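Residue numbers (our numbering), protein chains in the order written: chain A, 3 to 342; chain B, 3 to 342; chain C, 3 to 342.
All residues carry an ideal CB built from backbone N, CA and C; glycine is no exception.
None of the values given here were measured: they were computed from a predicted structure.
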Amino acid sequence: MKTLAALAELVGGKLVGDGSTEVNGLADLESANAGQLTFLTHEKNIDLLSSSQAAAAVVPISARDYALPVIQVRDPNLAFAIIHNYFLDRPFQGKGIDSRAVIGPDCQIPEAVTISPLVFLGRGVVLGQRVTLEPGVVVGDDVRIGDDTTLKANVTVGAGTIIGCRVMVHAGTVIGSDGFGYATDQLGHHLKRPQIGIVQIDNDVEIGSNVCIDRATFGKTWVKRGAKIDNLVQVAHNVVIGEDSIIVSQVGISGSTTLGTGVVLGGQAGVAGHLTIGDRVMAAAKTGIHANLPAKAVVSGFPAISHPLWLRVSSLLAKLPELVKDVRALKKHVAELDRK
Amino acid sequence: MKTLAALAELVGGKLVGDGSTEVNGLADLESANAGQLTFLTHEKNIDLLSSSQAAAAVVPISARDYALPVIQVRDPNLAFAIIHNYFLDRPFQGKGIDSRAVIGPDCQIPEAVTISPLVFLGRGVVLGQRVTLEPGVVVGDDVRIGDDTTLKANVTVGAGTIIGCRVMVHAGTVIGSDGFGYATDQLGHHLKRPQIGIVQIDNDVEIGSNVCIDRATFGKTWVKRGAKIDNLVQVAHNVVIGEDSIIVSQVGISGSTTLGTGVVLGGQAGVAGHLTIGDRVMAAAKTGIHANLPAKAVVSGFPAISHPLWLRVSSLLAKLPELVKDVRALKKHVAELDRK
Amino acid sequence: MKTLAALAELVGGKLVGDGSTEVNGLADLESANAGQLTFLTHEKNIDLLSSSQAAAAVVPISARDYALPVIQVRDPNLAFAIIHNYFLDRPFQGKGIDSRAVIGPDCQIPEAVTISPLVFLGRGVVLGQRVTLEPGVVVGDDVRIGDDTTLKANVTVGAGTIIGCRVMVHAGTVIGSDGFGYATDQLGHHLKRPQIGIVQIDNDVEIGSNVCIDRATFGKTWVKRGAKIDNLVQVAHNVVIGEDSIIVSQVGISGSTTLGTGVVLGGQAGVAGHLTIGDRVMAAAKTGIHANLPAKAVVSGFPAISHPLWLRVSSLLAKLPELVKDVRALKKHVAELDRK
Numbered sequence: 003m004k005t006l007a008a009l010a011e012l013v014g015g016k017l018v019g020d021g022s023t024e025v026n027g028l029a030d031l032e033s034a035n036a037g038q039l040t041f042l043t044h045e046k047n048i049d050l051l052s053s054s055q056a057a058a059a060v061v062p063i064s065a066r067d068y069a070l071p072v073i074q075v076r077d078p079n080l081a082f083a084i085i086h087n088y089f090l091d092r093p094f095q096g097k098g099i100d101s102r103a104v105i106g107p108d109c110q111i112p113e114a115v116t117i118s119p120l121v122f123l124g125r126g127v128v129l130g131q132r133v134t135l136e137p138g139v140v141v142g143d144d145v146r147i148g149d150d151t152t153l154k155a156n157v158t159v160g161a162g163t164i165i166g167c168r169v170m171v172h173a174g175t176v177i178g179s180d181g182f183g184y185a186t187d188q189l190g191h192h193l194k195r196p197q198i199g200i201v202q203i204d205n206d207v208e209i210g211s212n213v214c215i216d217r218a219t220f221g222k223t224w225v226k227r228g229a230k231i232d233n234l235v236q237v238a239h240n241v242v243i244g245e246d247s248i249i250v251s252q253v254g255i256s257g258s259t260t261l262g263t264g265v266v267l268g269g270q271a272g273v274a275g276h277l278t279i280g281d282r283v284m285a286a287a288k289t290g291i292h293a294n295l296p297a298k299a300v301v302s303g304f305p306a307i308s309h310p311l312w313l314r315v316s317s318l319l320a321k322l323p324e325l326v327k328d329v330r331a332l333k334k335h336v337a338e339l340d341r342k
Numbered sequence: 003m004k005t006l007a008a009l010a011e012l013v014g015g016k017l018v019g020d021g022s023t024e025v026n027g028l029a030d031l032e033s034a035n036a037g038q039l040t041f042l043t044h045e046k047n048i049d050l051l052s053s054s055q056a057a058a059a060v061v062p063i064s065a066r067d068y069a070l071p072v073i074q075v076r077d078p079n080l081a082f083a084i085i086h087n088y089f090l091d092r093p094f095q096g097k098g099i100d101s102r103a104v105i106g107p108d109c110q111i112p113e114a115v116t117i118s119p120l121v122f123l124g125r126g127v128v129l130g131q132r133v134t135l136e137p138g139v140v141v142g143d144d145v146r147i148g149d150d151t152t153l154k155a156n157v158t159v160g161a162g163t164i165i166g167c168r169v170m171v172h173a174g175t176v177i178g179s180d181g182f183g184y185a186t187d188q189l190g191h192h193l194k195r196p197q198i199g200i201v202q203i204d205n206d207v208e209i210g211s212n213v214c215i216d217r218a219t220f221g222k223t224w225v226k227r228g229a230k231i232d233n234l235v236q237v238a239h240n241v242v243i244g245e246d247s248i249i250v251s252q253v254g255i256s257g258s259t260t261l262g263t264g265v266v267l268g269g270q271a272g273v274a275g276h277l278t279i280g281d282r283v284m285a286a287a288k289t290g291i292h293a294n295l296p297a298k299a300v301v302s303g304f305p306a307i308s309h310p311l312w313l314r315v316s317s318l319l320a321k322l323p324e325l326v327k328d329v330r331a332l333k334k335h336v337a338e339l340d341r342k
Numbered sequence: 003m004k005t006l007a008a009l010a011e012l013v014g015g016k017l018v019g020d021g022s023t024e025v026n027g028l029a030d031l032e033s034a035n036a037g038q039l040t041f042l043t044h045e046k047n048i049d050l051l052s053s054s055q056a057a058a059a060v061v062p063i064s065a066r067d068y069a070l071p072v073i074q075v076r077d078p079n080l081a082f083a084i085i086h087n088y089f090l091d092r093p094f095q096g097k098g099i100d101s102r103a104v105i106g107p108d109c110q111i112p113e114a115v116t117i118s119p120l121v122f123l124g125r126g127v128v129l130g131q132r133v134t135l136e137p138g139v140v141v142g143d144d145v146r147i148g149d150d151t152t153l154k155a156n157v158t159v160g161a162g163t164i165i166g167c168r169v170m171v172h173a174g175t176v177i178g179s180d181g182f183g184y185a186t187d188q189l190g191h192h193l194k195r196p197q198i199g200i201v202q203i204d205n206d207v208e209i210g211s212n213v214c215i216d217r218a219t220f221g222k223t224w225v226k227r228g229a230k231i232d233n234l235v236q237v238a239h240n241v242v243i244g245e246d247s248i249i250v251s252q253v254g255i256s257g258s259t260t261l262g263t264g265v266v267l268g269g270q271a272g273v274a275g276h277l278t279i280g281d282r283v284m285a286a287a288k289t290g291i292h293a294n295l296p297a298k299a300v301v302s303g304f305p306a307i308s309h310p311l312w313l314r315v316s317s318l319l320a321k322l323p324e325l326v327k328d329v330r331a332l333k334k335h336v337a338e339l340d341r342k
């Protein structure tokens, strides 16, 4: 139970109404009950508040006229996320090392960890405080994992990988598999180029389910602090993903490409290899990027062009049959004019 | 061994030839042997029947002139599938709970199940009759799984997931991972929005390999009765997939989008978030859907347009260089006319 | 430690400089230290050699003027890969069958293998010499695996699969899951078509992480000798992938399509079902192939057209707004001419 006044202070918001109102949890507008806090993203939906059962709401700073006690904030999404995380925060309850886990020699494991049954750790693995490894996790030799990091079920981490603190890796993801590199001989047979680099995942990264992040050929594949990667994403060898980047589901990033800080790639976008994508570039879903992009470029389409241009082009595409007809008519018309 | 007469009755087909012919299995035209039943989808391929070794065949109702005994039906694919399933039907052979599985406290597990070695069940898991869990399956706390459902190897099911009866989930799939949701602060750092909803999978759903179905932020992500999902598909948080929908491999469906009944999405198609896709909408492979679609819409391309229009547009695209040349020539021509 | 002379002989290259120079490892230009060999792919980058710490280098045959001892070769990538593999070559160190692996009845397993803890083998599995199965691998009944093959962590192989020699399958991949096939009844319900074929993987194939290769409906899905498949690729039932083909990440190949020898499919490309793709066809990233292609076709775009044409078309696309404007102006102009 928290009072609205305390929560307002937590998010630096303005309390309007009874600050002693207590809430015991959070929910969206439709499902919130009488003991819960809810939130409103857009002022225009203010009428929805009156039909909500919620005890109180987080609302935009501009919103007026509400039946409930509210906390006014600049960014209701952010304030709500802060409050929600605050409500869910629990002290770490380590279960230690389950006897049905398999732990290799020379590992360094503090007491405050949860290593579930059916986990496998290779030789020389070093774990930080409060690491959680769910069942089915396989960690290769000499992997280092920082404090408060969680690997969900059936995650595989290849030898030598370095994972920072407060990293969350969702189920089925593979980190540190071999990069896809071959040299082709005169007969057309492909000889594997050994992939002897590593993967480094920095602090506060979150990685979705069934993602693949390949180890570098030499050196490292690198996901920097705060980057968030959705499900089924492909990160090839020697890719660098900049801090706070957002990589949406099913994106593919080819080898040796570097993304700057705060890059956003929409779902199913693809980036060719050996490119440099500037800070804060945004690419819409399904974009195919084949060339370097300067900082803050906003692109769409395949091949990628500026987003506003793509919007015009794509709306004209549907009119292509008409255009062809027009040109044909014009040719005929001009031919007639000629004859006169 | 079944007689052709019995099989004809099973599928409501018309027997032509010796109904006492016995078959002991099924195969396609090329590989069927003298004891097997085969099938012909299209009348035009009727000549292939005479070169088949099969004992008998299921054929379209319109087909004429065949050397073999046949069962004539409206839909040979359907009749063959019915017969094939009938042949393969076996009583459930439960192996019970293997001692090398890890079962959490407070689980409810009937006798007639197969829980393989190396399975992990969390706390409070409730299993129906004849559930099969293959090795490497990890099931989180409080998951409920209905009768006759199978989770193949290395499937991960997150806490609180509800799975119906006769559901088949193929290997490596992850159900109930966190949705991809963040709020971004003034520094550009992304704060995780807790994902506290669940996934609900209804009866008779089949889900391919290495699929990701994320849990809802609040409420539920919902795959309704009879939907079929192919490999490597992404289903984001709060998505609803309607009954009997067909989602082909590598499709991505963004958050909070609702598909109606009987929707068909071709391979690698993508659907943006917060959309409503009507009943029986069909989208071709690689389609990118960015707007709501009414029932029975048939769309292609990116951005999605009507399929017939897309066929015309895409054939004209290859003629774009010619069109540009024509327009240039016209401009020159008209300029000459001007001069006269 | 190897002498440069020995390595030159290994790759059939021309030694320039001191052949008694010894190297103890390999690295790229930036990271090579004084005991290592490095390599240069393009002559134009020859200046980078002088700033490298490397002891020696593999260089293109055309390269001139270098401070280091070098081996001149036609294809530095290939020569370097040969040398690198030579350096990394180690005799197989089998660890035998770990007691925490689960081995079904009637398996045939030679002594020289590594079967890790938490591996599951079904009934009747036959393993070749020097097979390595990492933790979490699940192998179904009657699977056969050839000599020197490695299945990395959490790989799932379905019953009846045949895998050749020197095959490498990376973590999380699923081989032999059911193909995606249904027959639809009058109510729109989808009845599963049993998938009773197998998958056959021939010698020297490498398969990435979280790939899906479905078993055939009847017969076999077949990946032929030397093919290389990247991460997150979908290979549907009854597909045939020709020898030495290269399938880049996130490609999808639909059912019953046959690829010839040496086909290259770029990332996120898709191929429709029941097609025949000729030998040495190359498709760029994101290509959508909807029709058969003759040998050596080079295609791009969606729908796929010849690559040079696609380059022209895609550059003209961005000029479509201008073209539409031109046509409008022309129409107006011609109408004026009419009036005169």
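What three-state label does DSSP hand residue i in the structure shown?
i, result
"B/F82", "helix"
"B/D340", "helix"
"B/V159", "strand"
"A/K222", "strand"
"A/E11", "helix"
"C/V329", "helix"
"A/V213", "coil"
"B/R314", "helix"
"C/F89", "helix"
Excluding the 5 residues flanking residue i on each side, which residues of the same chain have their C-beta closer than 6 Å to its C-beta?
i, result
"C/V235", "V213, I249 and V253"
"C/K154", "E136, H172 and A173"
"C/G96", "A114, V115 and T116"
"A/P82", "Looking at the sequence itself, residue 82 of chain A is Phe, so the reference to Pro does not match. Excluding positions up to five away in sequence, the list reads F41 and V60."
"B/V104", "F122"
"A/V283", "V265, L295 and A299"
"B/N35", "Q55"
"B/T134", "T116 and T152"
Per DSSP, residue i forms a beta bridge with which residues?
i, result
"A/Y184", "A/K194"
"C/T40", "C/A59"
"B/Q95", "Note: B/Q95 sits in no beta bridge, so no partner."
"C/A285", "C/L267 and C/V301"
"B/M3", "Note: B/M3 sits in no beta bridge, so no partner."
"A/V135", "According to the sequence as given, residue 135 of chain A is Leu; it is not Val. DSSP output for A/L135 lists A/I117 and A/L153 as bridge partner(s)."
Under 7 Å Cβ to Cβ from residue i, same chain only, skipping five residues before and after it: list those, please.
i, result
"A/S256", "A238, V273, A274 and G275"
"A/L17", "L6, A7, A10 and I73"
Can you pull the chain B neighbours of residue i, defined as C-beta to C-beta under 7 Å?
i, result
"A/K288", "G272, G290 and F304"
Is residue i near the ligand ATP, judged by its Cβ being under 7 Å from some heavy atom?
i, result
"C/T163", "Absent from the structure shown: the ligand ATP. Ligands present: none."
Can you pull the chain A neighbours of residue i, defined as C-beta to C-beta under 9 Å?
i, result
"B/H192", "D206, E208, G228, A229, K230, D246 and I248"
For residue i, return the contacting residues in chain B, with the cut-off set at a CB-CB distance below 8 Å.
i, result
"A/G102", "One detail in the question is off: residue 102 of chain A reads as Arg in this sequence, not Gly. Here the neighbours are V104."
Interface residues of chain A around residue i at Cβ under 7 Å?
i, result
"C/S33", "F220 and G221"
Positions along the region 196–215 of chain B whose CB lies within less than 7 Å of some CB in chain A: P196, N212 and C214
Interface positions of the region 309–342 of chain C facing chain A (Cβ-Cβ less than 8 Å), listed along the chain: Those would be S316, L319, A320, L322, P323, L325, V326, V329, L332, K333, V336, L339 and D340, in chain order.
Near-chain B residues of the region 138–166 of chain C - C-beta to any C-beta below 7 Å: G138, V140, N156 and T158
The region 251–278 of chain C: positions lying closer than 8 Å to chain A by Cβ: S251, Q252, T263, G264, G269 and Q270
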